[in-house]
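Okay, so here's the structure we're looking at.
Number of protein chains: 2
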Amino acid sequence: MLSLKQLRYFSALAETGHFGRAATLAGVSQPALSMQIRELEHELGGPLVERTGAGARLTELGTEAIERARAILAAVRDLEELGDARAAPLTRPIRLGVIPSVAPYLLPRLLDLLSADHPRAQLVVRETITEELTEELADGTLDAIVVSLPLDSGDFETAASFDDSFLLAVPSDSPHADRSPALAEAIDADELLLLSDGHCLRDQALSVCHRIDPRRLKSFGATSLATVLQLVAAGQGITLVPDIAVTAGVLNDPRLTLVHFARPEPYRTIGVAWRRNSPRTADFEALAKIIHRAIVPAAEDNAETEKESA
Amino acid sequence: MLSLKQLRYFSALAETGHFGRAATLAGVSQPALSMQIRELEHELGGPLVERTGAGARLTELGTEAIERARAILAAVRDLEELGDARAAPLTRPIRLGVIPSVAPYLLPRLLDLLSADHPRAQLVVRETITEELTEELADGTLDAIVVSLPLDSGDFETAASFDDSFLLAVPSDSPHADRSPALAEAIDADELLLLSDGHCLRDQALSVCHRIDPRRLKSFGATSLATVLQLVAAGQGITLVPDIAVTAGVLNDPRLTLVHFARPEPYRTIGVAWRRNSPRTADFEALAKIIHRAIVPAAEDNAETEKESA
DNA sequence: TAAAAATACTCCATAGGTATTTTAT
DNA sequence: ATAAAATACCTATGGAGTATTTTTA
């Protein structure tokens with residue numbers, strides 16, 4: 000009869016690709032793990048890993064099985080949390096993933112607000128691209144993620160926190176700096192600088208500038224918006240920045256000018272996603288609201304300031 | 000550490016509401032089951048059942064937990080089937096649920112076709128209303144269900160098999176019998192006879208006759224279309240019949256007349272649904288196609304016949 | 001020939017069984 | 001008073017450890 004122990008060991012084995020290290024990870028001896036894997040293979044009617052001299056590599060059956068196994072283990076973890084979740088909300092640590100184009104601007108405010116309003120709340124933060132975040136959310140490594148909505152992948156529930164409009168960042172001496180409001184159609188492929196592949200901000204910018212063929216873009220593998228902005232300041236090109244980065248006030252380089260787009264301004268929606276069926280839904284909905292409060296008043300202040308300076 | 004054994008026992012306990020009978024169902028002694036339940040309660044941090052003199056009743060925590068437990072057990076069952084599913088398609092029995100307004104007309108043809116084309120295929124059929132079917136599908140009691148699409152509940156994948164248009168069945172001496180095509184607006188609440196609550200055919204008929212207030216309908220608790228048609232034949236009223244019932248040729252009572260609705264004819268879509276993530280997706284998609292083949296040629300024949308007789 | 005996984009063998013934790021007591025209606 | 005669940009106690013299965021052998025790159 001199939002057991003969770005087998006699935007836990009199998010998950011460790013898939014992670015490490017190595018019986019010995021998997022055993023260490025699972026906190027048991029190598030033969031103990033080997034036995035359970037063998038038993039699991041017997042239950043499922045075929046080999047899950049190919050034993051090589053260098054370790055273990057998942058078979059086709061193993062690849063299908065590990066996905067299901069991880070989903071089951073995540074569901075079990077959710078079930079285990081049922082009791083705790085009935086306690087006061089936001090009193091247990093949340094392992095939170097955040098996309099790179101939001102993390103550095105959101106987190107300071109969020110952590111401030113959180114420690115003020117919910118002193119017992121605790122965040123463990125991880126920053127990476129959406130694809131990895133959704134994977135880790137699905138397999139239970141993360142409890143919730145802050146991403147651009149809607150999400151197409153996975154079986155998640157979501158709550159929107161705020162709309163984040165795009166602005167055009169150009170060198171102050173560029174002709175773009177005079178043209179206000181900016182038009183997406185006026186942007187050329189050979190001047191546009193974007194984050195590397197996989198970053199949702201890149202895809203969003205491309206959908207704003209739908210005229211541009213992505214293959215004609217310069218590619219230089221930047222993974223942080225700050226880097227791209229340095230290049231823009233140095234006159235290497237122009238880029239799209241999300242309002243949240245502007246609002247956070249990190250852009251006071253005189254070599255940079257920010258231009259609003261013509262109405263309707265393009266924007267993305269940032270929100271929280273979590274595993275459907277997570278017992279902590281209340282926690283995550285509360286978190287989405289707190290993120291809203293962390294961003295929206297500040298954004299309005301900023302809008303005021305810009306009107307004054309205009 | 001939480002184990003599947005605990006969940007299996009808990010599921011049995013929730014089903015029987017009785018430690019002793021649950022133990023029998025699970026194939027262990029009562030104390031063994033009691034111990035595991037107690038351990039599970041400890042893991043989840045609260046009582047799952049309220050012990051009464053007469054047995055055990057789920058607590059609030061228990062109600063939430065049993066849903067998750069059943070989902071986990073279903074996922075485990077799916078995982079266990081992974082290996083088998085890699086065998087030839089349609090070689091393992093399918094536990095199939097079918098709604099009552101389809102079952103008697105579909106099954107004879109389906110079983111015929113199946114035994115001709117896939118001699119090794121085997122169906123275990125259960126007939127009941129959609130709500131029960133979806134529940135049993137979700138908890139793994141059924142492998143697939145044949146229902147009217149779209150389904151609003153549950154985490155299911157679906158494949159449409161055929162469109163099933165509605166006709167009006169009236170007593171041959173009714174004024175409706177002359178009016179052709181029929182108009183939904185001409186139907187009165189006090190002449191319309193429908194299946195009892197919960198049958199999707201009832202809801203579908205009501206949405207065709209959207210003008211009618213359901214509270215004004217005669218209610219007599221019929222659970223089979225054949226019964227309703229008997230009443231219509233006896234002059235008690237009129238009803239909507241799905242084309243599939245007509246095509247099956249069960250309606251040759253001279254006291255009954257079938258009237259087509261004005262174009263566009265109202266219809267419902269019948270298809271197959273199964274648990275998303277079931278490893279037997281290929282089986283069920285094949286089944287949906289076979290159901291299509293079982294119904295559609297026959298329906299076309301019937302359409303021919305009707306044109307000739309008109 | 002090294003590293004990795006499987007086998008051999010022993011031990012002990014624990015799940016489960018029977019008998020009995022406690023509890024609730 | 002009676003049915004149901006919990007407790008006590010014993011047994012045995014099987015999961016896990018150490019030591020060792022076999023495999024494969």
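Top line first, the protein sequences correspond to chains U and S. Sequential numbering from 0 applies to the first sequence in numbering that gives the first Met the number 0. Sequential numbering from 0 applies to the second sequence in numbering that gives the first Met the number 0. Where a beta carbon is used, it is the ideal one built from N, C-alpha and C, also for glycine.
Approximately 5 Å separates the beta-carbon atoms of D282(S) and P88(S); this is inside 8 Å, confirming the contact.
Taking 8 Å as the Cβ-Cβ cut-off, the stretch 213–236 of chain U has no residue approaching chain S.
Straight across, the Cα-Cα distance linking F9(U) with I36(U) is about 6 Å. A Cβ-Cβ contact shorter than 8 Å links V231(S) with P170(S).
Contact between the stretch 136–145 of chain S and the stretch 237–256 of chain S is absent: fewer than three C-beta pairs spanning the two stretches fall below 8 Å.
It is roughly 7 Å from the alpha-carbon of S114(U) to the alpha-carbon of A120(U). Under DSSP, H259(S) shares a beta bridge with L166(S).
Taking CB atoms only, R67(S) has a neighbour in chain U less than 8 Å away. The C-beta distance from L3(S) to A11(S) rounds to 13 Å, too long to meet the 8 Å contact threshold. Here DSSP, grouped into helix, strand and coil, assigns T133(S) to helix. Partner residues in the beta bridge of R56(U), as assigned by DSSP, are E49(U).
Counted as a single uninterrupted DSSP element, the stretch harbouring P107(U) is not any beta strand (DSSP E) but the alpha helix (DSSP H) occupying residues 102–116. Taken atom to atom, the span from the alpha-carbon of S28(U) to that of A74(S) is near 28 Å.
Residue pairing for T23(U): DSSP places it in no beta bridge. By DSSP's assignment, I93(U) forms a beta bridge with L122(U). Across the structure, A183(S) and C208(S) are spaced so that their CA atoms are roughly 5 Å apart. The residues L192, L193, L194, A221, T238, in chain order, have a CB closer than 8 Å to that of V227(S) in the same chain once the five nearest residues on each side in sequence are set aside. With respect to E156(U), T280(U) sits close: the two C-beta atoms are nearer than 8 Å. Exclusion of the five residues before and after H291(S) leaves S160, F161 as the residues of its chain whose Cβ lies within less than 7 Å of its Cβ. Under the criterion of beta carbons closer than 8 Å, E126(S) and P99(S) qualify as touching, at roughly 6 Å. At the C-beta level, A272(U) and V97(U) stay beyond 8 Å of one another. Using beta-carbon distances, A64(S) counts as an interface residue toward chain U, with a partner under 8 Å. The shortest C-alpha to C-alpha distance from R275(U) to any of A158(U), N251(U), L257(U), S179(U) is the one to A158(U). The beta carbon of I71(S) falls within 8 Å of a beta carbon belonging to chain U, placing the residue at that interface. In this structure, DSSP gives R267(U) an extended state, which the three-state scheme calls strand. In the DSSP annotation of this structure, the continuous segment of the alpha helix (DSSP H) that includes S10(U) starts and ends at 3–15. Residue pairing for L239(S): DSSP places it in a beta bridge opposite L167(S). Distance from the CA of L255(U) to the CA of D172(U), rounded to the nearest whole angstrom, comes to 9 Å. Taking a Cβ-Cβ threshold of 7 Å, the residues of chain S close to E42(U) are E79, in chain order. Within the same chain, and ignoring the five residues on either side of S33(S) in sequence, the residues whose Cβ sits closer than 7 Å to its Cβ are F18. In the three-state scheme derived from DSSP, where H, G and I count as helix and E and B as strand, S33(U) is classed as helix. For S206(U), the uninterrupted alpha helix (DSSP H) run begins and ends at 199–207, by DSSP. Exclusion of the five residues before and after D196(U) leaves no residue of its chain whose Cβ lies closer than 6 Å to its Cβ.
Runs of the beta strand (DSSP E) lying entirely within the stretch 136–164 of chain U and spanning at least 3 residues, in chain order: 143–148. In this structure, L78(S) sits near I71(U), with a CB-CB distance shorter than 8 Å.
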